[in-house]
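Trainee:
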Amino acid sequence: VERIRLRNPIVEMDGDEMTRILWKMVKDELLFPYLDLTIDYYDLGIEHRDATDDAVTLDAARAVATHKVGVKCATITPNAERVKEYNLKRAYKSPNGTIRGYLDGTVFRTPILVEKIPPAVRSWKKPITIARHAYGDVYRNSEIRVPGPGTAELVFRSSTGATEVRKIADFQGPGILQGIHNTDASIRSFARACFLFALDHGVDVWFATKDTISKTYDGRFKEIFEEEFAAYRERFEEKGIHYFYTLIDDVVARIMKSEGGLLWACKNYDGDVMSDMVASACGSLAMMTSVLISPQGCYVYEAAHGTVQRHYYRYLKGEKTSTNPMALLFAWTGAIRKRGELDDVPDAVRFADTLERAALRTIDDGILTGDLAAISPPFPGKQIVDSDGFLAAIKERLDQAL
Ligand code: NAD
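Take the sequence shown: its position 121, counted from the start at 1, is 121 in the working numbering, and no numbers get skipped.
What follows is the structure, given as structure tokens:
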């Protein structure tokens with residue numbers, strides 16, 4: 001068969017441990033035999049990040065800014081243990097943090113729903129996408145461990161000279177302090193990214209903060225979303241979709257009763273926490289797709305999970321593992337579909353759709369990796385396979401469909 005040719009490059013960011021092994025298997029078995037891809041390759045594996053003093057991570061982010069579409073494998077964010085394990089020069093920052101910081105995007109995470117694994121929340125019929133604001137708040141905080149009695153103040157010194165001071169607390173004894181911030185520009189692009197995603201996918205947007213308590217900080221998020229929505233209101237009406245604002249505690253209660261099929265826009269911390277809740281209620285982290293979309297229209301597709309460290313150690317001992325490659329595969333199909341759309345290559349879009357359907361059918365036919373077998377109810381013909389067997393079953397269904 002003739003391979004489908006894409007016109008422009010996809011930026012590939014390789015990663016670590018078990019996901020690096022699966023990544024190659026996915027490419028060799030399910031992608032390269034069918035697609036003629038131009039790859040702009042960056043090795044974000046920990047050894048190469050160390051060798052380049054992490055310069056490779058920023059190079060990769062710049063390449064995404066140029067080519068618009070990237071796909072990223074899971075990578076180690078080193079802590080003290082990892083510095084020792086891999087004999088690193090230092091504990092580098094999270095590559096995802098670096099890439100997000102450079103592209104200033106919003107991360108959208110959507111569970112992959114399959115018949116054989118009903119969500120733990122019975123009312124959920126359609127996937128809930130979480131949009132996590134990827135800038136600021138507690139992730140760019142400044143903290144002080146207060147040693148003893150004293151006064152804490154919040155001070156802003158404007159570059160025009162004016163100074164504003166607010167008292168935070170009078171400490172009678174030791175305690176803790178934290179300063180956080182966000183910017184109108186970042187909140188605005190977050191709001192826009194959410195409204196655009198909703199239009200693309202035909203889903204409602206729910207957004208929530210705690211503006212009853214945090215009247216200025218969270219209140220500003222609410223205001224900016226309302227201001228930005230004005231530019232989208234008409235298109236939302238045409239599509240029959242809605243924007244809905246409420247309090248974070250109210251939205252959590254409502255989500256548990258909803259059918260799904262909506263975009264839940266979350267502040268940075270809420271998104272961090274709630275995306276794992278949604279993923280776990282829908283099965284496993286390996287059944288969660290993730291895409292970073294920047295205001296300039298750059299897309300980075302990845303899996304929501306980490307490097308699956310424990311499986312890797314078993315792999316190194318020569319054991320076969322039943323690691324789930326779904327999210328890694330869907331990262332690639334996401335990137336290929338987007339590249340196909342941007343380059344106007346409908347065959348590539350069709351290939352991505354077909355490959356995703358083949359993967360979903362494999363699971364619906366009862367062929368499962370260990371993590372899925374553990375969370376699905378018993379059914380006749382349930383078959384647990386290792387990663388090789390799982391990919392081979394997908395390939396079989398892909399070839400039939402093609
Ligand atoms: P992890 O996601 O690798 O594993 C968490 C748990 O989920 C483990 O029990 C694992 O067995 C299971 N799991 C995850 N993906 C699976 C899959 N595809 N198939 C079967 N089971 C799966 O997270 P962790 O153990 O906390 O972290 C391991 C490494 O990954 C760390 O070094 C961390 O820095 C890195 N990490 C990277 C990213 C990223 O690059 N986006 C995200 C999270 C963690």
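For every residue, glycine included, the Cβ atom is placed at its ideal position computed from N, Cα and C.
Under 7 angstroms: does the beta carbon of glutamate 238 sit that close to some heavy atom of the ligand NAD?
Mentor: Taking the sequence shown and counting its residues from 1, one reaches residue 238 at position 238. No, the Cβ of glutamate 238 stays beyond 7 angstroms of every heavy atom of the ligand NAD.
Trainee: Assuming threonine 321 and serine 387 form a contact by the criterion Cβ under 8 angstroms, report the distance between their Cβ atoms to the nearest whole angstrom.
Mentor: Along the sequence shown, read from residue 1 onward, the residue named residue 321 stands at position 321. Along the sequence shown, read from residue 1 onward, the residue named residue 387 stands at position 387. Threonine 321 to serine 387, Cβ: 6 angstroms. Contact.
Trainee: Under three-state DSSP, which class holds proline 403?
Mentor: Residue 403 lies beyond the residue range present for the chain, which begins at 1 and ends at 402; the question has no answer from this structure.
Trainee: Which residues share a DSSP beta bridge with arginine 132?
Mentor: Within the sequence shown, the letter at position 132 stands for residue 132. According to DSSP, which records beta bridges pairwise, arginine 132 is partnered with Val107, Cys266.
Trainee: Does the distance from the C-beta atom of isoleucine 88 to that of glutamate 143 stay below 8 angstroms?
Mentor: As a first step, residue 88 must be located in the sequence shown, where it is residue number 88. As a first step, residue 143 must be located in the sequence shown, where it is residue number 143. Position check: residue 88 holds leucine in this sequence, whereas isoleucine was assumed. No, the Cβ-Cβ distance between leucine 88 and glutamate 143 is not below 8 angstroms.
Trainee: Are three or more beta carbon pairs between the stretch 252-259 and the stretch 124-134 nearer than 8 angstroms?
Mentor: Touching, yes, given that three or more Cβ pairs across the two stretches are closer than 8 angstroms.
Trainee: Under a three-way DSSP split, which group does tryptophan 124 fall into?
Mentor: One-based indexing of the sequence shown puts residue 124 at position 124. Three-state result, tryptophan 124: coil.
Trainee: Given 7 angstroms as the limit, tell me if glutamate 302 has its C-beta closer than that to any heavy atom belonging to the ligand NAD.
Mentor: The count along the sequence shown starts at 1 and reaches residue 302 at position 302. Checking every heavy atom of the ligand NAD against the Cβ of glutamate 302, one is found closer than 7 angstroms.
Trainee: Less than 6 angstroms between C-beta atoms, sequence neighbours within five positions excluded: which residues of the same chain meet that for proline 119?
Mentor: On the sequence shown, position 119 is the one that residue 119 refers to. Non-local beta-carbon contacts of proline 119 in its own chain, meaning distances under 6 angstroms to residues more than five positions away in sequence, involve Ala281, Cys282 in chain order.
Trainee: Taking 7 angstroms as the cut-off, is the C-beta of aspartate 272 nearer than that to any heavy atom in the ligand NAD?
Mentor: If you number the sequence shown from 1, residue 272 lands on position 272. Exclusion of aspartate 272 from the 7 angstroms shell around the ligand NAD follows from its C-beta lying no nearer than that to any non-hydrogen atom of the ligand.
Trainee: Using 8 angstroms as the cut-off, can you tell me whether the stretch 92-111 makes contact with the stretch 290-307, which would need three or more C-beta pairs spanning the two stretches below that distance?
Mentor: yes
Trainee: Using a Cβ-Cβ cut-off of 8 angstroms (strictly less than) and excluding sequence neighbours within five positions of aspartate 53, which residues of its own chain qualify?
Mentor: Position 53 of the sequence shown, counted from the start, is the residue given in the question as residue 53. Within the same chain, aspartate 53 has close Cβ partners Lys89.
Trainee: Give the single residue among Gly370, Leu391, Asp365 whose Cα lies nearest to the Cα of leucine 355.
Mentor: Translated into positions along the sequence shown, residue 355 becomes position 355. Nearest C-alpha to leucine 355: Leu391.
Trainee: Out of Ser376, Lys167, Arg397, Leu263, state which residue places its alpha-carbon closest to the alpha-carbon of valine 203.
Mentor: Start at 1 with the first residue of the sequence shown, and residue 203 comes out as number 203. Residue Leu263 holds the alpha-carbon nearest to the alpha-carbon of valine 203 among Ser376, Lys167, Arg397, Leu263.
Trainee: Within the continuous alpha helix (DSSP H) that includes alanine 193, where are the two ends?
Mentor: Against the sequence shown, residue 193 aligns to sequence position 193. 184-201 is the extent of the alpha helix (DSSP H) around alanine 193.
Trainee: For the beta strand (DSSP E) containing phenylalanine 207, list its first residue and its last residue.
Mentor: Here residue 207 refers to the residue found at position 207 of the sequence shown. First-last of the beta strand (DSSP E) with phenylalanine 207: 204-209.
Trainee: Could you work out which residue in Met13, Gly150, Ala358, Thr38 is closest to arginine 343 when comparing CA atoms only?
Mentor: Along the sequence shown, one-based indexing puts residue 343 at 343. A small fix is needed here, since residue 343 is aspartate in this sequence, not arginine. Of Met13, Gly150, Ala358, Thr38, the residue nearest in Cα terms is Thr38.
Trainee: Reducing DSSP to helix, strand and coil, say where glutamate 164 ends up.
Mentor: In the sequence shown, residue 164 corresponds to position 164, counting from 1. The answer is strand: DSSP assigns glutamate 164 an E or B state.
Trainee: What residue range does the alpha helix (DSSP H) around serine 387 cover?
Mentor: Start at 1 with the first residue of the sequence shown, and residue 387 comes out as number 387. Membership of serine 387 in the alpha helix (DSSP H) is indicated by the continuous run 387-401.
Trainee: Provide the residue span of the beta strand (DSSP E) that contains tyrosine 217, from first to last.
Mentor: Position 217 of the sequence shown, counted from the start, is the residue given in the question as residue 217. Here tyrosine 217 belongs to no beta strand (DSSP E); instead the alpha helix (DSSP H) covers 217-229.
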